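Colleague: Residue numbers (the numbering used here): 13 to 150.
Note that beta-carbon positions come from the ideal geometry of N, C-alpha and C, so glycine has one too.
Because the structure is a prediction, the values reported are computed rather than measured.
1. Using CA coordinates, which residue listed in 119, 88 and 90 is at the minimum distance from residue 102?
2. At which residues does the alpha helix (DSSP H) containing residue 107 begin and terminate?
3. Report the three-state DSSP secondary structure of residue 123 (helix, strand or coil).
4. Consult DSSP for residue 70 and reduce its assignment to one of helix, strand or coil.
5. Could you tell me the distance, in whole angstroms, from the CA atom of residue 126 to the CA atom of residue 135?
6. Between the beta-carbon of residue 72 and the beta-carbon of residue 87, is there less than 8 Å?
Right under this line is the structure:
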């Protein structure tokens with residue numbers, strides 16, 4: 013006898029391309045974990061997207077572009093293109109690397125790249141903030 017959740021999940025179509033048999037192949041616990049993971053991913057993407065986009069807009073305005081819908085559209089287009097390109101290249105290069113050198117080395121390399129990027133961002137912001145504070149004092 014099916015429990016209520018199992019019956020509901022067996023009838024639920026997660027995506028229009030999935031058949032109901034595909035959904036029933038996943039255990040209920042996996043679907044809950046996937047749902048929670050996607051919710052966390054959505055919140056994290058929103059937390060990343062909004063300040064970064066605003067920072068891009070501020071940088072464009074500092075370089076003399078007017079505050080108009082055209083500027084917003086251009087920055088938004090470039091920003092979305094960069095995210096889409098990263099969303100394509102990341103899994104492509106990551107999948108290739110996993111096939112060639114294995115999962116453990118791939119994650120180690122990705123972690124090392126993140127740590128190096130953290131140092132680059134720290135150095136950039138420390139020199140940038142030092143330069144801005146020196147300009148304000150004069």
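Modeller: With the structure as the only source:
1. Residue 102 has its Cα closest to that of 119, out of 119, 88 and 90.
2. Note, residue 107: alpha helix (DSSP H), 81 to 113.
3. Here DSSP, grouped into helix, strand and coil, assigns residue 123 to helix.
4. The answer is helix: DSSP assigns residue 70 an H, G or I state.
5. Answer to the nearest angstrom: the Cα atoms are 14 Å apart.
6. Cβ atoms of residue 72 and residue 87: closer than 8 Å.
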